[in-house]
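A short write-up of the structure that comes next.
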Amino acid sequence: MTQAVEVLNRYGTDLVGEPRGSESECTAGFECFLNVVRALGMGSCISEAGGGGGSPPLLPDSNNLDGGKRRRLKGSSSFDYKVVPGRMFLNGSSDVASLYCKQGKKGINQDAMLVWEDFGSKEGTIFCGVFDGHGPYGHRVAKRVRDSFPLKLIAQWDLHHKNKDGHSDHSSAAGSYNSENGFRLVDEKPSDNELDGASTILTLRESFLKACKFMDKELKLHPDIDCFCSGTTAVTLIKQGQDLVIGNVGDSRAVLGTRDHNDSLMAVQLTIDLKPNLPREEERIKLRRGRVFSLPNEPDVSRVWLPNSDFPGLAMARAFGDFCLKDFGLIAVPDVSHHRLTEKDEFVVLATDGIWDVLSNEEVVDIVASSAQSSAARTLVESAVKAWKTKYPFCKIDDCAAVCLFFDSSSELKSAYETDELIPEASIDQSEQSSLLGEKGIGAEAENHQQ
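Each residue of the sequence shown is one higher than the last, beginning at 62 in my numbering.
Listed below in structure tokens is the structure:
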């Protein structure tokens with residue numbers, strides 16, 4: 062019984078059995094999970110304990126969770142992500158960004174992050190992202206998306222530049238801003254003024270959509286990463302000049318730190334948390350026979366379930382991976398938005414829900430604004446950890462990852478990127494990586510985007 066609770070505490074952040082109830086509540090969720098495992102034969106996700114003498118362990122040891130020797134992907138090369146100039150994925154800072162990740166108390170760190178300056182060999186262009194994995198292999202999915210998605214985005218972006226004669230349908234854009242609330246409503250059509258003359262923005266939007274599609278396809282076909290009941294969120298952005306283009310899959314979040322007309326600091330949420338109870342998301346899920354409801358012990362957390370089984374209880378409406386739900390309303394289509402920077406905008410924060418669960422947008426902006434830029438992300442993560450201990454003293458702290466991108470590089474931040482603390486889970490497994498540099502012709506295979 063203790064082992065069952067431990068499994069749910071370790072892997073239940075975004076799946077059913079999140080460790081906020083009693084042991085009996087966790088056990089009920091675990092028994093439900095086992096019923097589905099028995100019915101669907103999902104031995105790759107979890108092994109049933111107590112099946113006679115010498116039964117296998119419930120889950121592989123966390124130190125060998127990936128299991129055995131990994132096969133090298135066909136066509137892979139020795140491309141070394143660690144030595145790409147301007148690419149940062151460990152704790153540290155640069156002249157324009159600060160990033161920090163801290164493992165929680167639920168087991169292996171499933172968060173990942175990335176800052177890539179001069180992205181795609183375009184001077185001054187910056188890519189940022191945070192990725193929050195979930196499920197038994199969520200840590201591997203998050204790292205895979207961190208490493209592969211930016212290359213797919215580069216490939217699609219370059220492909221669009223080569224096909225300038227093509228055009229995009231403005232009416233199909235993913236969303237626009239609601240000026241009253243400060244963030245874009247999901248699936249709301251953009252105004253003509255927002256899209257007028259914004260060919261670069263539309264190109265990036267299409268690139269985000271296609272890159273996400275191919276990223277999810279790669280995960281589905283990956284020979285070594287079981288993504289059936291594991292996945293990841295991803296909130297990513299590209300800064301080019303004064304334009305920010307943000308792509309959001311899941312419930313990680315991007316928040317802007319800016320000044321109002323009185324020069325007071327304020328927070329503007331640039332993304333919306335794509336939860337299952339959002340009307341458009343719930344409607345899509347139910348149309349595809351998925352179910353959306355909350356458990357009695359957590360009435361504020363809506364989850365996605367299979368049509369005839371109380372499993373897996375995913376707490377988001379969009380994610381990479383999680384293929385057990387892809388036929389029932391879960392999608393990996395990004396919600397793409399655009400923000401034009403002004404002189405009042407100071408920084409943007411990308412963070413996983415380990416931070417947003419305990420700190421408000423305003424608190425996050427205040428913490429970052431009052432910190433030295435070189436240590437802003439670390440200060441933010443440490444503040445979130447303290448908030449976890451205060452607000453949820455009996456719960457295990459979630460993994461926390463944050464990227465702070467600053468728009469005024471002439472400030473006190475002078476140091477070059479330095480790694481101040483290595484994260485074992487964030488290191489790159491060379492045998493996992495495949496060279497995606499030849500992917501620039503992939504656009505010809507594009508299918509219609511999921512809606």
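Even glycine gets a Cβ: it sits at the ideal position worked out from N, Cα and C.
{"query": "Burial state of glutamate 267, where buried means 16 or more other Cβ atoms lie within 10 Å", "result": "buried"}
{"query": "Backbone secondary structure at glycine 296 - three-state DSSP", "result": "Looking at the sequence provided, one finds valine at residue 296 rather than glycine. Here valine 296 sits in strand by DSSP."}
{"query": "Boundaries of the alpha helix (DSSP H) in which cysteine 273 is found, first to last residue", "result": "260 to 282"}
{"query": "Of the residues Pro360, Val394, Val206 and Val306, the one placed nearest leucine 317, counting alpha carbons only", "result": "Val306"}
{"query": "Beta-carbon spacing of leucine 420, alanine 376 below 8 Å", "result": "no"}
{"query": "Sequence-distant residues of the same chain with beta carbon closer than 7 Å to glutamate 279, five excluded per side", "result": "Ser209"}
{"query": "Alpha carbon of aspartate 321 to alpha carbon of phenylalanine 408, nearest angstrom", "result": "14 Å"}
{"query": "Beta-carbon gap between leucine 160 and asparagine 170 smaller than 8 Å", "result": "no"}
{"query": "Top-ranked residue by Cα proximity to valine 310, from Ala412, Val362, Val442 and Ala445", "result": "Ala412"}
{"query": "According to DSSP, residues forming a beta bridge with methionine 174", "result": "Val191"}
{"query": "Buried versus exposed call for proline 387 [16 or more other C-beta atoms within 10 Å across all chains shown]", "result": "One detail in the question is off: residue 387 reads as lysine in this sequence, not proline. It is buried - the Cβ of lysine 387 has at least 16 other Cβ atoms within 10 Å."}
{"query": "Leucine 298 versus Gly415, Val397 and Phe354, residue with shortest Cα-Cα distance", "result": "Val397"}
{"query": "Candidates Gly302, Ala463, Arg341 and Trp177: closest to leucine 402 by CA position", "result": "Gly302"}
{"query": "Straight-line gap, lysine 457 to lysine 166 (C-alpha atoms, nearest Å)", "result": "5 Å"}
{"query": "8 Å Cβ cutoff met for cysteine 288 and glycine 382", "result": "yes"}
{"query": "For cysteine 385: DSSP bridge partner residues", "result": "DSSP output for cysteine 385 lists no bridge partner at all."}
{"query": "Among Asp324, Ala328, Cys189 and Val206, nearest to lysine 281 - alpha-carbon criterion", "result": "Val206"}
{"query": "Length of the line joining the Cα atoms of tyrosine 198 and leucine 263", "result": "34 Å"}
{"query": "Limits of the unbroken beta strand (DSSP E) element including glutamine 330", "result": "326 to 330"}
{"query": "Per-residue burial, arginine 439 [other beta carbons within 10 Å of its own, 16 or more giving buried]", "result": "buried"}
{"query": "For glycine 415 and histidine 378, the rounded distance between their alpha carbons", "result": "Residue identity differs from the one stated: residue 378 is alanine in this sequence, not histidine. Roughly 18 Å separates the two Cα atoms."}
{"query": "Spatial neighbours of glutamate 473 in its chain, beta-carbon cut-off 7 Å, leaving aside the 5 residues before and after", "result": "Any reading at glutamate 473 must be qualified, since the residue scores a pLDDT of 37, below 50, and its modelled position is unreliable; no value is offered."}
{"query": "C-beta contact flag for valine 191 and methionine 149 at 8 Å", "result": "no"}
{"query": "Minimum C-alpha distance to serine 355 - residue among Pro373, Arg341, Leu348 and Arg349", "result": "Pro373"}
{"query": "Element boundaries [beta strand (DSSP E), containing lysine 163]", "result": "158 to 163"}
{"query": "Among Val353, Thr332, Ala328 and Ala295, the one whose alpha carbon lies nearest that of proline 513", "result": "Shown here, the chain extends from 62 to 512; a query on residue 513 therefore has no answer."}
{"query": "Inter-residue spacing [alpha-carbon to alpha-carbon] between lysine 183 and aspartate 469", "result": "19 Å"}
{"query": "Sequence-distant residues of its chain with Cβ nearer than 6 Å to serine 291 (five each side left out)", "result": "Gly196, Pro197, Tyr198, Gly199, Val202 and Gly382"}
{"query": "Spatial neighbours of phenylalanine 384 in its chain, beta-carbon cut-off 7 Å, leaving aside the 5 residues before and after", "result": "Lys281, Cys288 and Phe289"}
{"query": "Rounded C-alpha distance that separates glutamate 359 from alanine 216", "result": "42 Å"}
{"query": "N- and C-terminal bounds of the beta strand (DSSP E) containing serine 398", "result": "396 to 401"}
{"query": "Backbone CA spacing between aspartate 427 and arginine 345 [nearest angstrom]", "result": "37 Å"}
{"query": "Distance between serine 431 and phenylalanine 269 (C-alpha atoms, nearest Å)", "result": "33 Å"}
{"query": "Length of the line joining the Cα atoms of valine 145 and tryptophan 417", "result": "31 Å"}
{"query": "Residue burial classification, asparagine 224 (beta-carbon count within 10 angstroms, cutoff 16)", "result": "exposed"}
{"query": "Contact under 8 Å by Cβ, valine 365 with proline 337", "result": "yes"}
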